[in-house]
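Counting in the numbering used here, the sequence shown tops out at residue 115, every number present. Note that CB positions come from ideal geometry on N, CA and C, so glycine has one too.
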Amino acid sequence: MAKDDINAFMGAGTFFTGKLSFQGAVRIDGEFVGEIESDGILMLGKDSKIEGTVNVGEMNLSGSFTGDVFAKRNVTIHRDGVLKGKVQCPSLVVEDGGILDGTIQMLKKEPEVQ
C-alpha cells in the first residue's frame with residue numbers, strides 16, 4: 002500500500018477520544034481512545050497508543066493497543082507492536098519481537114462483535 006492510498010492520518014502528538022468510522026485506509030501515530038469501525042485497513046504506527054474496540058477489515062500494529070480487536074481478514078503485529086486484549090480474526094501474524102498478551106479466537110468466518 003502506497004502512502005497516497007491512506008485516506009486519513011493522525012500524527013504523533015495528537016489525541017482523540019470518540020468513534021472513528023472510515024473507508025479505505027487510515028494511519029494513526031497518535032493516541033486514540035474509543036471505537037474504530039471500518040471494512041478497510043487500520044495502520045497503527047510505532048508511536049501510537051490506542052485503547053478501545055476495533056472492528057476492521059485489517060489491522061497492522063506497530064505501536065501499543067489495549068482492548069478488543071475484531072478483524073474480518075487479518076491482524077499483523079509487527080516487531081515493535083504490543084497488543085493487550087482479545088483478538089478475533091481468521092489470520093494472525095506476530096513478527097519476532099511483537100507481543101500479544103490476551104486471548105485469540107481464529108475464525109474462518111467474519112468475527113461476531115460482542
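Is it buried or exposed for Met60, if we count other Cβ within 10 angstroms and need 16 for buried?
Locating residue 60 in the sequence shown gives position 59, where the first residue counts as 1. Met60 should be labelled buried.
Of the residues Ile51, Val57, Cys90 and Ser63, which one's Cα is nearest the Cα of Ile100?
Position 99 of the sequence shown, counted from the start, is the residue given in the question as residue 100. The shortest C-alpha separation from Ile100 is found at Ser63.
Please go through the same chain and pick out, in chain order, the residues whose beta-carbon is closer than 7 angstroms to the beta-carbon of Val122, but skip the five residues on each side of it.
Here the chain has residues from 2 to 115 only, and residue 122 is not among them.
Among the residues of its own chain, which have a CB less than 7 angstroms from the CB of Asp97, if the five just before and after it don't count?
Counted from its first residue, the sequence shown places residue 97 at position 96. For Asp97, where only same-chain residues beyond five positions count, the Cβ hits under 7 angstroms are Arg80.
Is Val27 near Ala13, with beta carbons less than 8 angstroms apart?
By one-based count along the sequence shown, residue 27 stands at place 26. By one-based count along the sequence shown, residue 13 stands at place 12. Taking 8 angstroms as the Cβ cut-off, Val27 and Ala13 do not qualify as a contacting pair.
Identify the residues that DSSP records as bridge partners of Lys50: which are they?
One-based indexing of the sequence shown puts residue 50 at position 49. Paired residue(s): Glu32 and Ser65.
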